[in-house]
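Notes to accompany the following structure.
Residue numbers (our numbering): 4 to 300.
Structural data, given as structure tokens:
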């Protein structure tokens, strides 16, 4: 079998990444509940996609001038293709059409994201806010707000279908352009951040596991768990070891799996190093980018 797709599962640490509708003057974080009563906050895949596109434009001048509202709904422009837009190529598109105009045009995403879900449960931390600094200037009583806060490790998974990048019907981009787009995406993921409510949160990986595999599948999604060890969190390696024994044909996915981590962040980094021969985050991405270049040869 030939390698076809990238799977990356990432851990990062951040605070209060995505707010929902809220009630009154209370800003509520987006949350998920589990059967044991635990509550976890999350940043939606749409929020991650937004920040990837934002940084792609900022770092590599990705074309984001690709939408209009000529048909009543906000969607990608009819006259643009994946050749004109990295965003359309990576994340897909749908262009609706009226009956007399023919069929709607769709192209599924080559890059797929999970939600970024907290690995520590939410403990109902709340911040009390006022605009006293402004109110005092005009001798008025300040407005009051309450904002939910959660500092936690988070995990998400991204998959990249290498066969679909740069391919859409009769449109076929050059291999050089395909390499360029995938590597730019990986560079964005490496230093990903999120701008929210006057903060800039760092979503860059503290731990990352994955590689290029013979099938496009999120192998390590739902396989990340942290264990508390002497006041510091460690990564549960048993789950990862069992997952890495999965076979595609007669080959374990472990043979194509890399691990990168930031030193002194997790209690059992030596154990992770011994099992997966881990490297630092920069080396991880350099290895992956070299494999991408080899793939498109």
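Note that CB positions come from ideal geometry on N, CA and C, so glycine has one too.
> Which whole runs of the alpha helix (DSSP H) in the region 167 to 207 are 4 residues long or more, in chain order?
Replying inline: 178 to 193
> Which of the three DSSP states, helix, strand or coil, is assigned to residue 45?
Replying inline: Stepping through the chain shown from its first residue, residue 45 is reached at position 42. Strand.
> Which residue or residues does DSSP assign as beta-bridge partners of residue 10?
Replying inline: For the purposes of this step, residue 10 is taken as the residue at position 7 of the chain shown. According to DSSP, residue 10 bridges with 162 and 214.
> Would you call residue 92 buried or exposed, if buried means 16 or more other Cβ atoms sit within 10 Å of its Cβ?
Replying inline: Against the chain shown, residue 92 aligns to sequence position 89. Buried, because 16 or more other Cβ atoms sit within 10 Å of the Cβ of residue 92.
>> Here's the rule I'm using: 16 or more other beta-carbon atoms within 10 Å means buried, otherwise exposed. How should residue 110 be labelled?
In response: Sequence index remark: in the chain shown, residue 110 carries index 107 (1-based). Counting Cβ neighbours within 10 Å, residue 110 comes out buried, since at least 16 surround it.
> Considering only residues of the region 100 to 150, which uninterrupted beta strand (DSSP E) runs meet the minimum length of 3 residues and lie entirely inside it, listed in chain order?
Replying inline: 108 to 110, 114 to 116, 119 to 121 and 129 to 133
>> Distance check for residue 269 and residue 342, CA to CA, integer angstroms please.
In response: Coverage of the chain is limited to positions 4 through 300, which leaves residue 342 absent and any answer about it impossible.
> With 16 as the cutoff for other CB atoms within 10 Å, does residue 204 come out buried or exposed?
Replying inline: In the chain shown, residue 204 corresponds to position 201, counting from 1. Residue 204 comes out buried.
>> If I follow the unbroken alpha helix (DSSP H) through residue 277, where does it start and stop?
In response: What you label residue 277 is simply residue 274 of the chain shown in a count that begins at 1. It spans 272 to 279 - the alpha helix (DSSP H) in which residue 277 sits, taken as one unbroken run.
> Apart from the five residues just before and just after residue 286, which ones in its own chain have a Cβ nearer than 6 Å to its Cβ?
Replying inline: Locating residue 286 in the chain shown gives position 283, counting from the first residue. So no residue of the chain qualifies.
> Does DSSP put residue 39 in a helix, in a strand, or in coil?
Replying inline: Numbered from 1 along the chain shown, position 36 holds the residue referred to as residue 39. Note: residue 39 maps to coil in three-state DSSP.
> CA-CA distance, residue 219 and residue 166?
Replying inline: As a working mapping, residue 219 is identified with position 216 in the chain shown. As a working mapping, residue 166 is identified with position 163 in the chain shown. Approximately 10 Å between the Cα atoms of the pair.
>> Assuming residue 295 is part of the alpha helix (DSSP H), what are its boundary residues?
In response: Locating residue 295 in the chain shown gives position 292, where the first residue counts as 1. 284 to 299 is the span of the alpha helix (DSSP H), which, as asked, contains residue 295.
>> Give me, in chain order, the residues of the same chain whose beta-carbon lies closer than 8 Å to that of residue 24; leave out the 5 immediate sequence neighbours on both sides.
In response: Taking the chain shown and counting its residues from 1, one reaches residue 24 at position 21. Here the set comprises 31.
> Got a sec? Which residues, its chain only, sit under 6 Å from residue 282 by beta carbon, not counting five neighbours each side?
Replying inline: Here residue 282 is taken as the residue at index 279 of the chain shown, counted from 1. So the list reads 263, once near-sequence residues are dropped.
> Given a threshold of 16 other Cβ atoms within 10 Å of its Cβ, counted over all protein chains shown, does residue 208 qualify as buried or as exposed?
Replying inline: The residue you call residue 208 lines up with position 205 of the chain shown. Residue 208 should be labelled buried.
> Got a sec, what are the start and stop residues for the beta strand (DSSP E) residue 244 sits in?
Replying inline: To locate residue 244, count along the chain shown from 1; it is residue 241. Here residue 244 belongs to no beta strand (DSSP E); instead the alpha helix (DSSP H) covers 240 to 247.
> Starting from residue 230 and walking both ways along the beta strand (DSSP E), at which residues does that stretch end?
Replying inline: Translated into positions along the chain shown, residue 230 becomes position 227. Where residue 230 is concerned, the enclosing beta strand (DSSP E) stretches over 229 to 232.
> In its own chain, which residues sit with a C-beta less than 8 Å from the C-beta of residue 133, not counting the 5 before and 5 after it?
Replying inline: To locate residue 133, count along the chain shown from 1; it is residue 130. Around residue 133: 145, 146, 147 and 148.
> Under the rule that 16 or more other beta-carbon atoms within 10 Å means buried, what is residue 295, buried or exposed?
Replying inline: Position 292 of the chain shown, counting from 1, holds the residue named residue 295. It counts as buried.
>> Just to check my reading of the structure: residue 234 and residue 223 have Cβ atoms closer than 8 Å, yes? What is that Cβ distance to the nearest angstrom?
In response: Your numbering for residue 234 matches position 231 in the chain shown. Your numbering for residue 223 matches position 220 in the chain shown. Actually they do not touch by this definition, with Cβ atoms about 26 Å apart.
> In its own chain, which residues sit with a C-beta less than 8 Å from the C-beta of residue 300, not counting the 5 before and 5 after it?
Replying inline: As a first step, residue 300 is located in the chain shown; it is residue number 297 there, counting from the start. Answer for residue 300: 178, listed in chain order.
> Could you give the distance in angstroms between the alpha-carbon of residue 68 and the alpha-carbon of residue 241?
Replying inline: To locate residue 68, count along the chain shown from 1; it is residue 65. To locate residue 241, count along the chain shown from 1; it is residue 238. Looking at the two C-alpha atoms, the distance is approximately 46 Å.
>> Check for me: the beta strand (DSSP E) holding residue 93 runs from which residue to which?
In response: Here residue 93 refers to the residue found at position 90 when the chain shown is read from its first residue. Per DSSP, residue 93 belongs to no beta strand (DSSP E); it is in the alpha helix (DSSP H), 89 to 94.
> Cβ atoms of residue 164 and residue 113: under 7 Å apart, would you say?
Replying inline: Counting from one through the chain shown, the residue named residue 113 turns up at place 110. Counting from one through the chain shown, the residue named residue 164 turns up at place 161. Cβ distance < 7 Å, so residue 113 and residue 164 count as in contact.
>> If I follow the unbroken beta strand (DSSP E) through residue 32, where does it start and stop?
In response: Taking the chain shown and counting its residues from 1, the one referred to as residue 32 is at position 29. Residue 32 -> no beta strand (DSSP E), and no H or E assigned at all.
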